[in-house]
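What follows is a single structure, written as structure tokens, with notes after it.
Following this line, the structure appears as structure tokens:
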């Protein structure tokens, strides 16, 4: 939000992937000014929190799915600040940075889909915190956003999202 204000950009169409609970939505300010915000949150508890807090906002589309390279149903782990698809465990910040070991009590299941089934080609701002699924989003993205924000924990940590070199190619 601050970067957009600095460059005097007020996006009208925004996609946020991997929100967390209702406090994680970053761009509500733009939605209230005349934009459209679509958020994807696979965790059912966080999804319920978003719905209960923001569910009546007509400019906010809230989708209880993960975005992945294919459509289907996947197992997710949710630990600390990381929610990730089981197949991406080896690339997750939870494993690499936090030394997390898989625990069955941290699992939930959720539907996943590809971004091209939701992207109308008009997205100005894309924000992603999808634990090494960023490349899958970019590969199927129809829009060419003005700003793409990718949360990668820390620039200085050993954690690098899956396909980081390809991600740099996609956004340059």
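Numbering (the working numbering), first residue to last: 96 to 267.
We treat Cβ as the ideally placed atom computed from N, Cα and C, and that holds for glycine.
Next on the checklist: Taking 8 Å as the cut-off, does the stretch 132-147 touch the stretch 233-245 (at least 3 CB pairs, one atom from each stretch)?
Outcome noted: no
Checklist entry - How many Å lie between residue 109 and residue 154 at the Cα? => result On the chain shown, residue 109 is found 14 positions in, with the first residue counted as 1. On the chain shown, residue 154 is found 59 positions in, with the first residue counted as 1. In a straight line, the C-alpha of residue 109 is about 10 Å away from that of residue 154.
Checklist entry - Which residue's Cα is closest to the Cα of residue 152: 123, 159 and 179? => result Sequence index remark: in the chain shown, residue 152 carries index 57 (1-based). Comparing Cα positions, the closest option is 123.
Next on the checklist: Alpha carbons only, please: which of 244, 165, 229 and 193 is nearest the one belonging to residue 207?
Outcome noted: Taking the chain shown and counting its residues from 1, the one referred to as residue 207 is at position 112. Of the listed residues, the one whose Cα sits closest to residue 207 is 165.
Item to check | Member of 226, 222, 178 and 211 whose CA lies at the smallest distance from the CA of residue 259 | outcome: Residue mapping note: residue 259 aligns to position 164 of the chain shown, counting from 1. Distances from the alpha-carbon of residue 259 to those of 226, 222, 178 and 211 put 226 closest.
Next on the checklist: Report the start-end ranges of each alpha helix (DSSP H) in the stretch 103-147 that is 4 residues or longer and not cut off at the edges.
Outcome noted: Taking only runs of at least 4 residues, the alpha helix (DSSP H) segments lying wholly in the stretch 103-147 are 123-128.
Item to check | Helix, strand or coil at residue 169 [DSSP, three-state] | outcome: Here residue 169 corresponds to residue number 74 of the chain shown, with the count starting at 1. Strand.
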